[in-house]
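This report concerns only the one structure given below.
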Amino acid sequence: TPGALASGVRTLFPVLEQRIHGAALAYLDNAATTQVPLPVLAAMRHFEAHDRANIHRGVHTLSQRATDAFEQARSDLKRFVGAGAGHELVFTSGTTEALNLVAHGLSAAQPGGAFLQPGDEIIVSGLEHHANLVPWQQAARRSGAMLRVLLPDAQGRLHAQDLACLLTPRTRVFALTACANATGETPPFAALLAQAAQAGALTVLDAAQAVGHTVIDLSALACDFMAFSGHKMYGPMGTGALVGRMAALERLAPLRYGGDMVERVSYTDAAFAPLPSRLEGGTPNVASAVGMAAAATFIGHIGRAAIDAHVQALRAHAVAGLAAIEGITVLAPHATTSAIASFVTPHAHPHDIGTLLDAQGIAVRTGHHCAQPLLDHLGTGPTTRASFGLYNTHDEVERLIAGVAHALEVLR
Ligand code: PMP
13 TPGALASGVR TLFPVLEQRI HGAALAYLDN AATTQVPLPV LAAMRHFEAH
63 DRANIHRGVH TLSQRATDAF EQARSDLKRF VGAGAGHELV FTSGTTEALN
113 LVAHGLSAAQ PGGAFLQPGD EIIVSGLEHH ANLVPWQQAA RRSGAMLRVL
163 LPDAQGRLHA QDLACLLTPR TRVFALTACA NATGETPPFA ALLAQAAQAG
213 ALTVLDAAQA VGHTVIDLSA LACDFMAFSG HKMYGPMGTG ALVGRMAALE
263 RLAPLRYGGD MVERVSYTDA AFAPLPSRLE GGTPNVASAV GMAAAATFIG
313 HIGRAAIDAH VQALRAHAVA GLAAIEGITV LAPHATTSAI ASFVTPHAHP
363 HDIGTLLDAQ GIAVRTGHHC AQPLLDHLGT GPTTRASFGL YNTHDEVERL
413 IAGVAHALEV LR
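For the sequence shown, UniProt numbering assigns the number 13 to the initial residue and increments by one for each residue that follows.
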């Protein structure tokens, strides 16, 4: 039944039980950061209260327990995304660091030479968050490779025939999002990655907006590297992962040199540890890794199919209601599998709409959503974005629609 999921789980998210400016909080900013349920907080607290110690080096019991907790988190998260024996997972501070690790790692000088060479080509889609664009701009600069952009059409869609036109024998990398955070567009990423892999490119998937509700099965994808963040899947902030094919991860130069990632060190040289340690220099955020794995377990208990159906229904409800308001244009209305409803109107600035919604306890995000080139290309400018999580209700969507209609009356 509609909303059954939300009513069953809401009590696990104490942050939602508050009033903002006198109204019940309607938290509709889940594409930026989701909230954390009690079982995830409990897992992190348990680690900090009982098992906290530095990992991998200690012979003492706490260090071994901490190491076990960290490695268990790694294997739980690998299972969560369908990573198999040929894959490895590297913990990072989030999607941004994971994508920087790939772009830097393929362009930095290495003993065997950098993977990217002058005249090579990198293709990024035009839907990308700055985190999957700016690192590639830098990689191109560092290596002398050329950066090409797979531009979307006027509706914000990507097309296989446009990718076919860009792929050449020099294409070494294709980077794509599973869902565009600014518009909610969900490109056919499996087919596009397969097309690029077929042409010989390494493929990179930004799954930040997908893993919280969409089943991502790496074993069935032509994907060499995939990045995601804990805080967008009901886990802690400041942690994330890069999962990749072993052979692809072996190509990366480390982003961080130092402790934990070496095998042997002299004053003049070092031999590096095998994966995943080679790419995880320094003390990791162990409690957050544990929390992120607990979030994956939490999602598994509820079921990604149920979460996906719920957020898609909320999005459809929001898109229908918002599009019916005179003067509102919803971006990517066709993107029925996303959890993001982003809209514009010539009658009011998103910042003002967001401020009036906040006065009614409704939290949305406004602006460029770290995807300025895309919104410039589409000619929309900044947007107002509502995004849905498993705890949101259809009642909250009704409040959003009424709140936006009211804001437009005030601002028009
Ligand atoms: N990619 C996408 C599609 C995103 O939505 C975000 C977060 N808004 C990021 C990358 C960056 O994630 P993080 O800030 O967790 O590194």
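Yeah, the Cβ is synthetic: ideal placement off N, Cα and C, and Gly gets one too.
Bear in mind that the values here come from a model prediction, so they are computed numbers and not experimental data.
Asked                                                                                                                  : Found
Expected contact under 8 Å - CB spacing of alanine 239 and aspartate 218 to nearest Å                                  : 6 Å
Threonine 357 to alanine 383 span [Cα, whole Å]                                                                        : 18 Å
Host beta strand (DSSP E) of serine 87 (start-end)                                                                     : Unbroken run through serine 87 is the alpha helix (DSSP H), 73 to 92; no beta strand (DSSP E).
Threonine 189 CB to nearest heavy atom of the ligand PMP below 8 Å                                                     : yes
Near the ligand PMP: leucine 111 beta-carbon under 8 Å from a heavy atom                                               : yes
Backbone CA spacing between histidine 359 and leucine 423 [nearest angstrom]                                           : 7 Å
At least three beta-carbon pairs within less than 8 Å, the segment 59 to 78 to the segment 206 to 215                  : no
Own chain partners of alanine 97 with C-beta closer than 7 Å, once the 5 adjacent residues on each side are dropped    : none
Local conformation of histidine 99 per DSSP, three classes                                                             : strand
Beta-carbon spacing of leucine 353, phenylalanine 310 below 9 Å                                                        : Here the sequence assigns alanine to residue 353, which means leucine is not the residue at that position. No, the Cβ-Cβ distance between alanine 353 and phenylalanine 310 is not below 9 Å.
Arginine 327, enclosing beta strand (DSSP E) - first and last residue                                                  : It is not in any beta strand (DSSP E) - arginine 327 instead sits in the alpha helix (DSSP H) that spans 316 to 335.
The segment 187 to 201 contacting the segment 402 to 418, beta-carbon criterion three pairs below 8 Å                  : no
Range of the contiguous alpha helix (DSSP H) that encloses serine 155                                                  : 146 to 155
First through last residue of the beta strand (DSSP E) which encompasses isoleucine 135                                : 133 to 137
Contact under 9 Å by Cβ, glycine 117 with arginine 327                                                                 : no
Below-9 Å beta-carbon distance, valine 52 vs any chain C residue                                                       : Chain labels in this structure do not include chain C; a single protein chain is all it has.
Secondary structure, beta strand (DSSP E): runs of 3+ residues fully inside the segment 240 to 269                     : 252 to 257
Distance cut-off 8 Å: alanine 335 Cβ against heavy atoms of the ligand PMP                                             : no
Glutamine 221 classed as buried or exposed, judged by whether at least 16 other C-beta atoms fall within 10 angstroms  : buried
Own chain partners of aspartate 320 with C-beta closer than 8 Å, once the 5 adjacent residues on each side are dropped : His225, Thr226, Val227 and Thr349
Stretch-stretch touch, CB-based, cutoff 8 Å, three pairs: the segment 142 to 159 with the segment 287 to 302           : no
Proximity test, alanine 398 beta-carbon vs the ligand PMP heavy atom, cut-off 8 Å                                      : no
Residues near alanine 371 by beta carbon distance below 7 Å, same chain, minus five either side                        : His33
Helix, strand or coil at isoleucine 352 according to DSSP, with G and I counted as helix                               : strand
Check whether alanine 282 and valine 274 have beta carbons under 9 Å apart                                             : yes
Distance cut-off 8 Å: aspartate 218 Cβ against heavy atoms of the ligand PMP                                           : yes
Segment contact, 8 Å Cβ cut-off, at least three pairs: the segment 82 to 97 with the segment 199 to 213                : no
Cβ contact (3+ pairs, closer than 8 Å) linking the segment 387 to 403 and the segment 361 to 370                       : yes
Assigned secondary structure, aspartate 236 (DSSP; H/G/I helix, E/B strand, else coil)                                 : coil
Contact under 9 Å by Cβ, threonine 104 with alanine 110                                                                : yes
Where serine 241 falls, given that 16 or more other Cβ within 10 Å makes a residue buried                              : buried
Closest residue to glutamate 338 among Tyr279, His62, Ala351 and Ala417 (Cα-Cα distance)                               : Ala417
CA-to-CA distance, alanine 54 to glutamate 292, given in whole angstroms                                               : 26 Å
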